[in-house]
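Protein chains in written order, with our numbering: chain A, 1 to 431; chain B, 1 to 223; chain C, 1 to 421.
Input: a single structure, listed below in C-alpha cells.
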Amino acid sequence: MMIRQYFQQAWAQLRQQPLISAVTVAGTALSIFLIMLVVMMQQVKVAPFSPESNRDRFLHVKWGSITNEAWGESTSNGPLSVRTAREVYGKMTTPEAVTIYSVFSKSRPVSLPGQPAISVDVRETDNQFWTVFDFVFIDGKPYDQATFDAGQPVAVITESVARHLFKTTQVTGKEFLLAHAPYRVCGVVKDVSTLAETAYGQVWIPYTSTDQINNTWNEDLMGFVSCTMLARDRSDFPAIREEANRRLDEYNKLIGEDGWKFINRNRPYDQEKNVLATGANWEPDVKVERRNRFIIFLILLIVPAINLSSMTQSRLRRRISEIGVRRAFGCTRMELLGQILGENLVITLLAGILGLLMSFLFAYWGNELIFAQQYSMTLNPPTVDASILIHASTFGWALLFCFILNLLSTGIPAWRASRMNIVEAIGGKNH
Amino acid sequence: MNMIELTGINKIYRTNEIETQALENVNLNVEKGEFLSIMGPSGCGKSTLLNIMGLLDAPTSGTIRIAGTLVEGMKDKELAAFRNKNLGFVFQSFHLINSLNVIDNVELPLLYRNVSAKERRHLAEEVLKKVGLSHRMRHMPTQLSGGQCQRVAIARAIIGNPEIILADEPTGNLDSKMGAEVMELLHQLNQEDGRTIVMVTHNEEQARQTSRTVRFFDGRQVG
Amino acid sequence: MEKKLFTQIRNEWHSNLWLALELLVVSVVMWYIIDLLYSRIATYMEPRGFNTEHCYLIEMGVLTDKSPDFTPYSDTHKQSDEVRELVERLRHRPEVEAVSLSQNSYPYNGSNSGLDVMYDTLHAPGWTIRRLATPDFCRVFQYKGTRGETSEQLAELLERGDFLASDNLYHHYQISMTSLVGKKAFRFNWSSPDDSTEYRLGAALQNVRYSDYEQGRFCYSMLYNLNLIGEGWINADNELCVRVRAEHDKNFIENLKADSEKQFRVGNLYISDIRSFVDIRRNYQQSYANELRNYIVGMGFLLLNIFLGLLGTFWFRTQQRHSEIALHKALGATNGDVFRRLMAEGLFLLILVTVPAIIIDIVLAQNELNAWHNGTTLEWNRLLLCASATFVLIALMIGIGIGIPARRAMKVQPAEALHDE
Numbered sequence: 001m002m003i004r005q006y007f008q009q010a011w012a013q014l015r016q017q018p019l020i021s022a023v024t025v026a027g028t029a030l031s032i033f034l035i036m037l038v039v040m041m042q043q044v045k046v047a048p049f050s051p052e053s054n055r056d057r058f059l060h061v062k063w064g065s066i067t068n069e070a071w072g073e074s075t076s077n078g079p080l081s082v083r084t085a086r087e088v089y090g091k092m093t094t095p096e097a098v099t100i101y102s103v104f105s106k107s108r109p110v111s112l113p114g115q116p117a118i119s120v121d122v123r124e125t126d127n128q129f130w131t132v133f134d135f136v137f138i139d140g141k142p143y144d145q146a147t148f149d150a151g152q153p154v155a156v157i158t159e160s161v162a163r164h165l166f167k168t169t170q171v172t173g174k175e176f177l178l179a180h181a182p183y184r185v186c187g188v189v190k191d192v193s194t195l196a197e198t199a200y201g202q203v204w205i206p207y208t209s210t211d212q213i214n215n216t217w218n219e220d221l222m223g224f225v226s227c228t229m230l231a232r233d234r235s236d237f238p239a240i241r242e243e244a245n246r247r248l249d250e251y252n253k254l255i256g257e258d259g260w261k262f263i264n265r266n267r268p269y270d271q272e273k274n275v276l277a278t279g280a281n282w283e284p285d286v287k288v289e290r291r292n293r294f295i296i297f298l299i300l301l302i303v304p305a306i307n308l309s310s311m312t313q314s315r316l317r318r319r320i321s322e323i324g325v326r327r328a329f330g331c332t333r334m335e336l337l338g339q340i341l342g343e344n345l346v347i348t349l350l351a352g353i354l355g356l357l358m359s360f361l362f363a364y365w366g367n368e369l370i371f372a373q374q375y376s377m378t379l380n381p382p383t384v385d386a387s388i389l390i391h392a393s394t395f396g397w398a399l400l401f402c403f404i405l406n407l408l409s410t411g412i413p414a415w416r417a418s419r420m421n422i423v424e425a426i427g428g429k430n431h
Numbered sequence: 001m002n003m004i005e006l007t008g009i010n011k012i013y014r015t016n017e018i019e020t021q022a023l024e025n026v027n028l029n030v031e032k033g034e035f036l037s038i039m040g041p042s043g044c045g046k047s048t049l050l051n052i053m054g055l056l057d058a059p060t061s062g063t064i065r066i067a068g069t070l071v072e073g074m075k076d077k078e079l080a081a082f083r084n085k086n087l088g089f090v091f092q093s094f095h096l097i098n099s100l101n102v103i104d105n106v107e108l109p110l111l112y113r114n115v116s117a118k119e120r121r122h123l124a125e126e127v128l129k130k131v132g133l134s135h136r137m138r139h140m141p142t143q144l145s146g147g148q149c150q151r152v153a154i155a156r157a158i159i160g161n162p163e164i165i166l167a168d169e170p171t172g173n174l175d176s177k178m179g180a181e182v183m184e185l186l187h188q189l190n191q192e193d194g195r196t197i198v199m200v201t202h203n204e205e206q207a208r209q210t211s212r213t214v215r216f217f218d219g220r221q222v223g
Numbered sequence: 001m002e003k004k005l006f007t008q009i010r011n012e013w014h015s016n017l018w019l020a021l022e023l024l025v026v027s028v029v030m031w032y033i034i035d036l037l038y039s040r041i042a043t044y045m046e047p048r049g050f051n052t053e054h055c056y057l058i059e060m061g062v063l064t065d066k067s068p069d070f071t072p073y074s075d076t077h078k079q080s081d082e083v084r085e086l087v088e089r090l091r092h093r094p095e096v097e098a099v100s101l102s103q104n105s106y107p108y109n110g111s112n113s114g115l116d117v118m119y120d121t122l123h124a125p126g127w128t129i130r131r132l133a134t135p136d137f138c139r140v141f142q143y144k145g146t147r148g149e150t151s152e153q154l155a156e157l158l159e160r161g162d163f164l165a166s167d168n169l170y171h172h173y174q175i176s177m178t179s180l181v182g183k184k185a186f187r188f189n190w191s192s193p194d195d196s197t198e199y200r201l202g203a204a205l206q207n208v209r210y211s212d213y214e215q216g217r218f219c220y221s222m223l224y225n226l227n228l229i230g231e232g233w234i235n236a237d238n239e240l241c242v243r244v245r246a247e248h249d250k251n252f253i254e255n256l257k258a259d260s261e262k263q264f265r266v267g268n269l270y271i272s273d274i275r276s277f278v279d280i281r282r283n284y285q286q287s288y289a290n291e292l293r294n295y296i297v298g299m300g301f302l303l304l305n306i307f308l309g310l311l312g313t314f315w316f317r318t319q320q321r322h323s324e325i326a327l328h329k330a331l332g333a334t335n336g337d338v339f340r341r342l343m344a345e346g347l348f349l350l351i352l353v354t355v356p357a358i359i360i361d362i363v364l365a366q367n368e369l370n371a372w373h374n375g376t377t378l379e380w381n382r383l384l385l386c387a388s389a390t391f392v393l394i395a396l397m398i399g400i401g402i403g404i405p406a407r408r409a410m411k412v413q414p415a416e417a418l419h420d421e
C-alpha cells in the first residue's frame, strides 16, 4: 500500500505539472546518463569480458626502466626484452600463469600466395598467453609449449581474418602468408575488441617464430615485450609482488656487473593501475585518478541536485496541506520523510532508467567517440557489445547513483517539510 | 469522566516584536460522549484551542490531559501515535488528497499503524457505508460534491476508531442542505457510537443542537 | 515596479538561494572549463614549426628465416644498403616530393631520445629532444629557419654536417639560438659527457612543437644528420617518412600497397605498413581529444542544467504570481515590462553570484588548480576573458530559461487579477 501510494502520488504529481515533470525527469536522466557514461568508460578498462575475463586477477608489467652507472640520473624507458621478461617474471611460481607477449600489436601484411595483401594487427605471444586470456575458439586450438619452443610458424587468427582469407572459419591447418613467410592456421577465435587492450590482435603467432628474441635495445635488456601474470586469487597479489621483487634483485645483481640496473616502479600493477600507465617512466597514482573521478561524479550529481531540490521544494509547497493532514492523522516525521523520499525515488528511478538506457544506446552507437583509446598502435575502432557494456555492477552503480541523487535532491526539502508546523501546514502557509 | 482536560492554557504568538496572546488562561473540560461547540468571532482563538486539543500545536503554558493521559514532553513519534489512536480531524476545506481515490483517502490513518491491507480495505468499506458513500469508493475527490467530500473526510476521521473527533467549521464551505447532512452524520456519530466531538462553528443554529456551547472572545472563554 | 524587484528577490530568497547556489557552482566550474578550453585552443593555434599535411609514415619489415625468400645478411649484403635502396625507389615515384629516414624524430611520435647541447658553459634543458634524420627530413616536414631559411636550405646545412636547434634552446639564459648561428664550438653529450667533438650550428629552427597541445616555447629540440653517425644507424627500424606532392595526394596508401610487392621488395626488406599522418596525429593526440570532448560535454551539461533550473523555477514563479502580474497589467504595465521584470530577476542573481565566483576563480588560479598556459595559471587578461565568456554563456541560458515562462506570463489577462486566489 505504502509503495503503491508512492507510485500513485508520484504519477499524479508528474501529470499535474507536465513542464516541471519534464524538467525534473530531463535533469535526472541527463545526470544519470552522463554518470553512467563515465562509469562505462572506466568499466571497459577494468571490468571483465572475454578474452580478459580475469582482469581482477591480472598483474601487469607493461614496461620498465633501465639505467646504467655511467648515465647518472638518466633512465631509458620502454618495453622489456624477452630475456629480461623471462628471467625476472617468466619463471615465477606464485602466479597461476605468466605470459610474455609483444607490447603492441603490429600491423603486418597477410595474404594467400599470389593475392593482394591486407594489413592485420599481429601480436607475438608465448603459449601461456592462451591460459591467461580466455579466447573463444570456434575452430582448432591454441599453439602448445612444444610448438612454441620449436618456433614453428603457426597462427591463431580471428573469425574475420579467416573469412577474409579463406571465406570460411573452418580453416585449421591451412596456410597463408604473414609478412611474406608461410604460416599455418592452428586455431580460429572470435573477434576481439581493441578495448581488450592487452590481449587484442587479429592474428597471434609464437614470438619464437620471428626475431623477437633478438629485437632488443640497451644490450639485450630492453626490447618490445610485456608480461602479464594471472594470480590464483587477488589475495596472492602481495606474495606475487614479493616474489617479483626478489627475482628482480637477483637479476639486478647479475646485470649489475656491467653497471646496469632495472627499475620497476612498483610493478607489477593490477588492471586498474595498469590502464593508467600510459608511459613507461612514471608510476600512475590510482588515488588521484579515483579522486578526480569522484569530483566528476560530484559535479554531475550536485548541479542537477540543486535544480531538482528547487523543483521538489516547489512541488511540496503545493502539497503543504496534505502534509499537515497526514501529520494530523498520525504520520511521524520519519514516516513523512520516508514518504517524500520514496515518492521522489519513484520519479528518480524512472528517469534513471531512461538515463541508463540512453547511456547504453549512446555507448553502443557512439563507441568510437566515447571509448577512443588514448594511444595505441592499431587504427581499428573500439567495438563494443553487450558483454563489454552490461555487467551486474553497471546496474548496481546506476541504482546507487539514483539513490544518491534522490537523497541530494529531495533530502533537504523533505527534511524541511517534516519539520513544518502542522497547523500552519494545514492552513497552507509555507513559512 | 473527562475526555479532554485543559488546565491554565496560555498561547502567545511572537512575531517580530509583536506579541499576540491567542489564548489566556483557558480551563476547559469535555466529558466523554459530549458534543461541544465552540463559538466566537474570527481571531478569538477558537481554532487555536482546537489545534491545542488536537495536539497539533503546543500551548505556551498549561496542561492537557486527553483520555486520561497527561500529554507532556511527548516525542514526535509518541505524539503521532497518540493522535492516530485517539483523535480524528475534520477540516473546513476537507483537505482530501486529490491524487488518491476515496478509499485510499479514507484508509490514510491506518497507514500509520500496523494494519494489514485487507483489514484496511475492510474497515474503509465499512466506514464509507456508514457515511453513505459505498458507491463512490473508486472516485477521485475532484469528482465529488462538497458534501460528499466532507463525508469522506468524516469517514477518514473515524476509520481509526478515535474517541474524539475535532471538527473545525465542518460546514463552513457547504451550502445549507449539504451542511445539514454533515451535521446529521456528526450527531449520529455522537449519539450512536458515543464519540466525543468538539466542533468550532459560526452557526448558532448548529451550536444549539449540540450538548454544550462555549464562547470565546479575544482569547478568553466568555460563556 | 523596478523598485520592488529587490524586495521580491528578498521575499523569495529561499528559492533564489537554490538558484544562486547553482549559479555559483556552475559559474566556477564553467570558468574552469572555459579557461582550459581557451588554453588548449590558444596552444593549438600557435605555429607548429612543422607540417604533416600530405605526409606518410612507412614501416619497413624484414623477412625472417621462415620466409623462403630470406637471405642472411653479411658484409656484402647489408641491411643499410637495402634501406637506402628502398628510399631511392620511393624517391623516384612521381607523386613523392621528399623521403627521409629518421630515428625517434617524426612529429606525434611517442618515443623520443634526449641530448644535451653545450656551448661554453651553457646547457640545453634536460628534456631536449634529439632528432637524428637524413637531410630531407626538413623537406618532408617543412621545417623553417628563424632567419627565413627554407626547408631546402636547412637540408643543405645538415648535409654539410651542421646541426640545427630550436630557437628556444637557451631561452632560460635569455639567449636566442639565432644569435649563435654559425658558431662552431657546440658539443653534444651523446657518447660521453666529455666528448670534445665540436659541431657548428647551421641555423636556428622555428620552434618545433612536440604535439598540437604543447606550447612551442617549452619544446626544445635539435636535429642532426643521421647519415653522419655510422652505418649501423641506418636500418629497418628507422622511420621512413614521405611527403607526397599536394596535387597528387590521392589514394597514396592503396597505390603504394598495390605496387609494394613488385617494386618495393628489396632483398629482405618489404613495406609492412603505411600510415597517413592524419591517423598518426589523431591516434597520438587521442587523449587530448578525449579530454576536450569530456570538458565540452561537461560544459553542455552545466549550461543545460542552468537552463532547466531557471525554466522550472520561473515556471513556478509565474504561476504563483499570476494575479500579481495581472494586477500590474491592470495598473498599466506593458507586456515588455512584465518580460523585462522577470529577466531582470535572473540577471540580477547572476551578477550577484559573479562577484564571489570571480573571487573563487582567482583563488583557484593562484593555487595553480586550473589550466597552465604560457607557464602560468594566473594571467589577468585570460582570467577576465574567460570569466566574461562564462558570464555571457550563463546569461544566455538564463535568457532562454526565463524567456519561456516570461512569455507565458505576458499572456496573463489583467482581468484575471480579480478572480484568482
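For each residue, glycine too, the CB sits at the ideal point set by N, CA and C.
Supposed close pair residue i, residue j - CB separation, criterion 8 Å
i                         : j                        : result
alanine 98 of chain C     : valine 140 of chain C    : 5 Å
valine 30 of chain B      : leucine 55 of chain B    : With 8 Å as the limit, valine 30 of chain B and leucine 55 of chain B do not qualify as a contact, their Cβ atoms being about 14 Å apart.
leucine 169 of chain C    : threonine 121 of chain C : 14 Å between Cβ atoms; not a contact.
valine 103 of chain A     : valine 225 of chain A    : 6 Å
isoleucine 325 of chain C : alanine 409 of chain C   : 5 Å
Residue i: contacting residues in chain A (beta-carbon distance under 7 Å)
i                        : result
isoleucine 97 of chain B : Glu322
leucine 308 of chain C   : Val23, Ala26, Gly27 and Asn307
Residue range of the unbroken alpha helix (DSSP H) whose run includes residue i
i                         : result
methionine 343 of chain C : 335 to 366
asparagine 381 of chain C : 380 to 410
alanine 392 of chain A    : 392 to 419
asparagine 423 of chain C : In this structure chain C extends from 1 to 421, so residue 423 of chain C is not present and cannot be described.
glutamate 59 of chain C   : That residue, glutamate 59 of chain C, is in no alpha helix (DSSP H); its beta strand (DSSP E) goes 55 to 62.
Residue i: contacting residues in chain A (beta-carbon distance under 8 Å)
i                           : result
phenylalanine 50 of chain C : Correct list: empty, because the minimum Cβ distance to chain A is about 20 Å.
proline 109 of chain B      : Phe329 and Gly330
Contacts of residue i in chain C (Cβ-Cβ under 8 Å)
i                     : result
valine 275 of chain A : Ordered by position in chain C, no residue passes the 8 Å Cβ test against valine 275 of chain A, which lies about 12 Å from the chain.
Residue i: contacting residues in chain B (beta-carbon distance under 8 Å)
i                        : result
glutamate 335 of chain A : Ala80 and Tyr112
Residue range of the beta strand (DSSP E) that includes residue i
i                            : result
arginine 55 of chain A       : No beta strand (DSSP E) contains arginine 55 of chain A, which DSSP labels as neither H nor E.
tyrosine 183 of chain A      : 181 to 189
phenylalanine 176 of chain A : 175 to 178
arginine 290 of chain A      : Counting along the chain, arginine 290 of chain A falls outside any beta strand (DSSP E), though it belongs to the alpha helix (DSSP H) covering 286 to 317.
Amino acids of chain A, ordered along the chain, whose beta-carbon sits closer than 9 Å to that of residue i
i                       : result
arginine 293 of chain C : Leu369, Ile370 and Ala372
Residue i CB to nearest heavy atom of the ligand MN below 7 Å
i                        : result
glutamine 286 of chain C : As presented, the structure is devoid of all ligands, the ligand MN included, so that no description of it is given.
Can you pull out the residues from the stretch 196 to 215 of chain A whose beta carbon lies closer than 8 Å to at least one beta carbon of chain C?
Ser209, Thr210 and Asp211
If we count Cβ pairs, one from each stretch, closer than 8 Å, do we get three or more for the stretch 339 to 348 of chain A versus the stretch 406 to 416 of chain A?
yes
Interface residues of the stretch 135 to 161 of chain B facing chain A [CB-CB below 8 Å]:
Listed in sequence order: Arg156 and Gly160.
Check whether the stretch 142 to 150 of chain A touches the stretch 206 to 215 of chain A, counting contact only when three or more Cβ pairs, one atom from each stretch, lie closer than 8 Å.
yes
Members of the stretch 191 to 222 of chain B near chain A, C-beta cut-off 8 Å
For the stretch 191 to 222 of chain B, which is checked against every Cβ of chain A, not one residue is closer than 8 Å.
Evaluate the contact criterion for the stretch 390 to 409 of chain A versus the stretch 118 to 131 of chain A: three or more CB pairs, one atom per stretch, below 8 Å.
no
Measuring CB atoms only, is the stretch 6 to 14 of chain A touching the stretch 256 to 271 of chain A, in the sense that at least three cross pairs come out at less than 8 Å?
no
Note down, in chain order, all residues in the stretch 81 to 95 of chain B with a beta-carbon under 7 Å from any beta-carbon belonging to chain A.
Ala81, Arg83, Asn84, Phe89, Phe91 and His95
Three or more beta-carbon pairs under 8 Å between the stretch 60 to 67 of chain A and the stretch 245 to 264 of chain A, yes or no?
yes
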